[in-house]
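Participant: Pasting a structure here, questions to come.
In this note's numbering, the protein residues as written are 9 to 619.
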């Protein structure tokens, strides 16, 4: 990247200066200029009219210990490299694979982590003309081209992902607002598909492909109005969150094809979405310049974050930034057995999470543990923001009172048992730093860290009662017990008669009004039953609370790190990765990790050779 001398030296205080390092509580994050990936000639890409640069990672578990691979698209080009991260300088003269496309551009891509080996990887690539290609960049093979004749959908591919734990199923979203389920083993046919209705609900419908023999697509989802900009699977693979140009976040039970809940942006379209590591929270960003935190259990907005000056293009949780703080023993409501269950569950969940380095701590300790979720965002304002979602936001409480929740977070199919009092707290809470802990947190009046990222409003305290999904028939009643791949395959190939019998009762009760919500509250039904939602009428409702009705987060850091709009943010174990529309993929070493590369700089420098 072209960086001024002052910026490179860390000096200068100009607002437009590109930052090469920033500091958080964990320490200093530093840009590793020798670990920058781009086109081999390192010339900034003229991004006018081009699709966003995207990055995908996969680990092939080779014997060398350097199994990370990176794929990125720049304009009409697609590159596949060994990713050396903080360990060694990037060598751009030796891409494993490079492809240049004519008449279309790559828009997105995704590796199948389940099948990846040192000898072969399966990479899906979506294109601006609507096709999806399956390639193996190690073998340099092109296996299949889906929607080749654009008979299924003619609009741009906005997002493509493998279905979790499946070797053959994948999902593709388009600018048309449609979402398709494919199987790599099936063909797309030589004629346009004919569909029959499987299920419909509030502003969505799902169809199966009507044909004598099984063909792609297996399912067609029509969701909202305008483009379906991005979707993401929950960590357990059972739920699907999608954000659309109509400004709605919609969360579906993927196997049961039922709507779990919705949220509306403050204004404009939503562009990006991600799940917390335990699946309890969803963060979305978009054209309102905000990041919005939505509770999966309560189906409501719990916080907004304002730090960007333009559209938010990517949001992502940091699974690795974790801090667990123990506080002094206190009195709690509930039995000792309940609390022991909670701490035992904490130990079990932590061992199952990516935060294994903390799984040895306090799994049987009787003292309470606090947790903070870390997430990040990048935007068209060229800024990177980091945010902490702390207990005072997640579990706010009235002054001089304590609220305790108890739930098994690994079975996130309903909110905590019993009602919890939710408030806009005006006092601090223990501020840990744990984005990956799968635990219920407990409020403490005694603060051990300042609340550095939350701005409570002074307009008074508002209380509501948390929802209980289990009372409505809940999500659990619709979950298919089998694995995702098997469940969806069975669902897509059922006869029409079987499907009608299996879902007749649900269709009658729910699917022609809201689809599926987590409460029988008549007030909620009144708010959510209109198909054409007027933004002015949703403001101030559960769909879209007013700004003063929910806590407002401020970022831990907000730094300008690029000349062009940012399009990528990925958190890895020893670094975070960003990319801008000029085609530069940057590696930022986490605190204490920068020394791994320093010893390599003298012996190895990046090559500027043009391939």
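Every residue gets a Cβ at the ideal spot worked out from N, C-alpha and C, and that includes glycine.
Keep in mind it's a predicted model, so treat the numbers as computed, not measured.
1. Which same chain residues end up closer than 6 Å to residue 137 when comparing Cβ atoms and leaving out the 5 residues on each side of it in sequence?
2. Quick check: the Cα distance between residue 224 and residue 142, rounded to an integer number of angstroms?
3. Tell me whether residue 26 sits in a helix, a strand or coil according to DSSP, three-state version.
4. Kindly indicate which three-state DSSP category residue 525 falls into: helix, strand or coil?
5. Could you give the residue range of the beta strand (DSSP E) that holds residue 574?
6. In angstroms with no decimal places, state the Cα-to-Cα distance between residue 100 and residue 326.
7. Is the beta carbon of residue 277 closer than 9 Å to that of residue 254?
8. Taking the continuous alpha helix (DSSP H) assigned at residue 399, which residues delimit it?
9. Since residue 32 sits in a beta bridge, which residues does DSSP pair it with?
10. How many Å lie between residue 389 and residue 174 at the Cα?
11. Put residue 166 into one of helix, strand or coil per three-state DSSP.
12. Should residue 205 go down as buried or exposed, given a rule of 16 or more other Cβ atoms within 10 Å for buried?
13. Starting from the Cα of residue 54, find the closest Cα among 398, 85 and 273 and give me that residue.
14. So what does DSSP say about residue 244, is it helix, strand or coil?
15. Give me, in chain order, the residues of the same chain whose beta-carbon lies closer than 6 Å to that of residue 463; leave out the 5 immediate sequence neighbours on both sides.
16. For the beta strand (DSSP E) containing residue 85, list its first residue and its last residue.
17. What residues are listed by DSSP as bridge partners for residue 143?
18. Less than 9 Å between the beta carbons of residue 78 and residue 45, yes or no?
19. Is residue 156 closer than 9 Å to residue 217 when the C-beta atoms are compared?
20. Can you tell me where the beta strand (DSSP E) with residue 587 in it begins and where it stops?
21. How many Å lie between residue 194 and residue 221 at the Cα?
22. Considering only residues of the same chain and omitting the five flanking positions on each side of residue 149, which have a CB-CB separation below 7 Å?
23. Between which two residues does the beta strand (DSSP E) holding residue 300 run?
24. In the DSSP assignment, what are the bridge partners of residue 271?
25. Identify whether residue 266 lies in helix, strand or coil by the three-state DSSP scheme.
26. Run through DSSP, which three-state label would residue 594 get?
27. Could you tell me which residues DSSP pairs with residue 67 in its beta bridges?
28. Do you know offhand how far residue 399's Cα is from residue 381's?
29. In whole angstroms, what is the alpha-carbon distance linking residue 271 and residue 183?
30. Could you have a look at residue 101 and say whether DSSP puts it in helix, strand or coil?
31. Determine the DSSP secondary structure at residue 55, reduced to helix, strand or coil.
32. Please return the same chain residues whose Cβ sits closer than 6 Å to the Cβ of residue 152, not counting the five positions on each side in sequence.
Facilitator: So, from the listed chains and residues:
1. 112
2. 14 Å
3. coil
4. Confidence at residue 525 is low in this model, with a pLDDT of 32, below 50, so the placement of that residue is unreliable and no value is reported for it.
5. From DSSP, the beta strand (DSSP E) with residue 574 extends over 574 to 579.
6. Put simply, the backbone Cα of residue 100 is about 28 Å away from that of residue 326.
7. yes
8. 399 to 402
9. 35
10. 37 Å
11. In this structure, residue 166 counts as strand in the three-state DSSP scheme.
12. exposed
13. 85
14. In this structure, residue 244 counts as coil in the three-state DSSP scheme.
15. Bear in mind that a pLDDT of 41 at residue 463, under 50, signals an unreliable position, so the number given afterwards is only what the model happens to contain. 560 and 562.
16. 85 to 90
17. 131 and 150
18. yes
19. no
20. 583 to 588
21. 10 Å
22. Excluding positions up to five away in sequence, the list reads 143.
23. 298 to 303
24. 257
25. strand
26. strand
27. 76
28. 9 Å
29. Taking the straight line from one Cα to the other gives about 20 Å.
30. coil
31. In this structure, residue 55 counts as coil in the three-state DSSP scheme.
32. Cβ neighbours of residue 152 beyond the five flanking positions: 142.
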